[in-house]
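S.K.: To start, I am sharing the structure in question, which I have written as structure tokens.
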Amino acid sequence: MPAPAAHAHQWDAVHDSREVFLACLRAQCAPGSAIGPVPGPGRCADPALDTASAVLLSLLDPGLTLAVPDMPEAPLAWLFEQTGATPASVDDADFVLVTGDLPGVLESAQRGDRRHPERGATIVFAGDHAAATNSSVTLTGPGIETRLRTSLPLSDEAIRSWTTVNSELPQGVDLVLAGPAQVIALPRTCRIDREAD
């Protein structure tokens, strides 16, 4: 009997969405920690992009907006249909799905303001984790007991942009790093310090 296909999982809009939503909550409560396994819808060949799609399926609702700046919207039409989200530009979107230029998106995304910090965007990054040069960093902030030393698939430029856009709390952006079947959350309150090699 042949082995079942690796992507044979059938996405359950209720059960799987709830599981991914809870994984995202756990990740927000433990910044920098990989949380998984996260089920994916099996619609994207790239595992990180499939996880990112699962995150968006669990977080987006009608009335929210999504930008996909570095990929055509047409292949992701199903994502808009399933969630009811409206396409938007990066500087006007509630959520941004990015696979490429993370520093540029960080700097362009809406950050809210002191009266309405909730308007700051959530960026879901599904870059090529296998090809990424992992940065050794130290994380501090709410949800981290003292400090957390870890590696993240972020360039030095992305870390600098992150620091800049989140320098005037409570406004800023939140970041979810979507990897194969796992998520790492970096809330805007998290500080990232690059460790010397």
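According to full-length UniProt numbering, the sequence shown is numbered sequentially starting from 1.
Where a beta carbon is used, it is the ideal one built from N, C-alpha and C, also for glycine.
Taking Arg188 as the reference, give the member of Ala88, Leu169 and Cys29 with the closest Cα.
M.R.: Closest by alpha carbon: Leu169.
S.K.: Where does Ala178 fall in DSSP's three states?
M.R.: Residue state, collapsed to three classes: strand.
S.K.: So, under 8 Å CB-CB, Cys29 and Ser58 are touching, yes? Tell me the CB distance rounded to an integer number of Å.
M.R.: That pair is no contact at about 16 Å.
S.K.: When the Cα of Leu106 is compared with those of Val124, Asp113 and Glu118, which residue comes out closest?
M.R.: The residue with the shortest Cα to Cα distance from Leu106 is Val124.
S.K.: Starting from Val137, trace the alpha helix (DSSP H) in both directions and tell me its first and last residue.
M.R.: No alpha helix (DSSP H) contains Val137, which is instead part of the beta strand (DSSP E) from Ser135 to Thr140.
S.K.: Which residue from Pro117, Leu66 and Gly32 puts its Cα closest to that of Cys190?
M.R.: That would be Gly32, whose Cα lies nearest to the Cα of Cys190.
S.K.: Quick check: what's the CA-CA separation for residue 199 versus Gly84?
M.R.: Since the first and last residues shown for the chain are 1 and 197, residue 199 lies out of range.
S.K.: If you compare alpha carbons, which of Asp101, Gly42 and Gly112 is closest to Val68?
M.R.: Comparing Cα positions, the closest option is Asp101.
S.K.: Should Asp94 go down as buried or exposed, given a rule of 16 or more other Cβ atoms within 10 Å for buried?
M.R.: Classification of Asp94: buried, given that the 10 Å Cβ count is 16 or more.
S.K.: Go ahead and pull the three-state DSSP assignment for Ala3.
M.R.: Note that Ala3 scores a pLDDT of 39, beneath 50, so its modelled location is shaky and nothing firm can be said.
S.K.: Can you say whether Leu22 is buried or exposed, counting buried as having 16 or more other CB atoms within 10 angstroms of its CB?
M.R.: Exposed, by the Cβ-count rule.
S.K.: If we count the other Cβ atoms within 10 Å of its Cβ and call it buried at 16 or more, is Pro153 buried or exposed?
M.R.: That one is buried.
S.K.: Between Gly143, Leu186 and Ala181, which lies nearest to Cys44 when the distance is taken from Cα to Cα?
M.R.: With distances taken between Cα atoms, Cys44 lies closest to Ala181.
S.K.: So which of Ser53, Val137, Ala27 and Gln110 has the shortest CA-CA distance to Trp11?
M.R.: Out of Ser53, Val137, Ala27 and Gln110, Ser53 has the C-alpha closest to the C-alpha of Trp11.
S.K.: Among residues of its own chain, excluding the 5 on either side of Val165, which ones have a beta-carbon nearer than 7 Å to its beta-carbon?
M.R.: Once the five neighbours on either side are set aside, the close Cβ partners of Val165 are Leu106, Glu107, Arg111, Gly172 and Val173.
S.K.: Alpha carbon to alpha carbon, how far is Gly141 from Ala131? Give it in angstroms, no decimals.
M.R.: Its pLDDT being 49, under 50, Ala131 is placed unreliably in this model, and the coordinates cannot settle the point.
S.K.: What residues are listed by DSSP as bridge partners for residue 206?
M.R.: There is no way to answer for residue 206, as the model of the chain reaches only from 1 to 197.
S.K.: Considering just the uninterrupted stretch of the alpha helix (DSSP H) at Ser161, what are its terminal residues?
M.R.: Element bounds for Ser161: Asp156 to Val165.
S.K.: Rounded to a whole number of angstroms, what is the C-alpha to C-alpha distance between Thr86 and Ser161?
M.R.: If you take the alpha carbons of Thr86 and Ser161, they lie about 26 Å apart.
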